[in-house]
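Residue numbers (my numbering), protein chains in the order written: chain Y, 4 to 113; chain F, 614 to 740. For every residue, glycine included, the Cβ atom is placed at its ideal position computed from N, Cα and C.
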């Protein structure tokens with residue numbers, strides 16, 4: 004099982020960008036319970052989104068999650084300089100009772 | 614607030630064992646499922662294992678199945694990872710993480726990680 008993300012993306016300050024997360028097994032649905040995490044250099048990961056589109060209490064409203072074109076998607080609307088980071092998705096696989104992380108997307112705000 | 618502190622990392626030879634610990638505070642440890650997640654140097658995140666709040670539900674990632682064992686001591690607010698038959702590819706920073714709270718119908722059959730230890734603990738497997 005491989006979970007695939009864009010290796011890198013660039014967004015302008017104040018702009019909007021969508022990161023995606025695909026599964027080698029096929030279409031990502033809500034039953035994969037997609038999660039999204041942010042990791043800045045030298046820091047521990049921080050959870051942003053769980054169960055496709057639910058924000059944690061600390062997640063800024065500019066981050067949103069959804070299903071888009073057979074993939075999980077994280078949209079950042081109104082990018083801030085502090086959003087420059089690596090972003091990871093996490094999918095649940097019921098057959099193996101396990102979670103699998105994507106390879107990560109390096110987001111540059113420039 | 615939630616505080617998770619990992620310990621027990623170090624340098625170990627291939628084939629040997631190591632036991633990691635994680636101490637939780639600032640929340641009701643015994644009510645929360647817990648995870649281990651690791652990150653090899655310069656690489657991405659890898660999910661390692663989960664243990665249910667009462668220790669009865671345990672699952673592992675494919676790369677550690679049969680070699681690693683997750684456990685907990687709720688009386689001491691501690692989570693453990695016993696790592697046996699270590700390989701160079703197990704070299705990584707190991708983070709413990711508290712799982713998302715809420716009904717399984719909302720979070721998934723295995724509640725995902727939500728809050729991580731701040732620094733992790735580095736395990737280096739090398740001869």
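Neighbour list for residue 672 of chain F in chain Y, Cβ cutoff strictly below 8 Å: 100 and 101
Contact list for the segment 701-719 of chain F against chain Y, Cβ threshold 7 Å: 708, 713 and 719
Local Cβ density within 10 Å of residue 65 of chain Y, reported as buried at 16 or more and exposed below that: exposed
Reduced DSSP secondary structure (H/G/I, E/B, other) of residue 38 of chain Y: strand
Closest residue to residue 708 of chain F among F:645, F:632, F:637 and F:652 (Cα-Cα distance): F:652
Exposure of residue 644 of chain F, with buried meaning 16 or more beta-carbon neighbours within 10 Å: exposed
Residue-level contact to chain F via CB, residue 50 of chain Y, 7 Å cutoff: yes
Within-7 Å CB hit, residue 106 of chain Y to chain F: yes
At least three beta-carbon pairs within less than 8 Å, the segment 717-729 of chain F to the segment 680-693 of chain F: no
C-beta contact flag for residue 696 of chain F and residue 631 of chain F at 7 Å: yes
7 Å Cβ cutoff met for residue 620 of chain F and residue 638 of chain F: no
Proximity to residue 683 of chain F [Cα-Cα], best of F:706, F:649, F:705 and F:710: F:649
C-beta neighbour in chain Y for residue 577 of chain F, strict 7 Å: Since the first residue shown for chain F is 614 and the last is 740, residue 577 of chain F is missing from the structure and cannot be characterised.
Buried versus exposed call for residue 113 of chain Y [16 or more other C-beta atoms within 10 Å across all chains shown]: exposed
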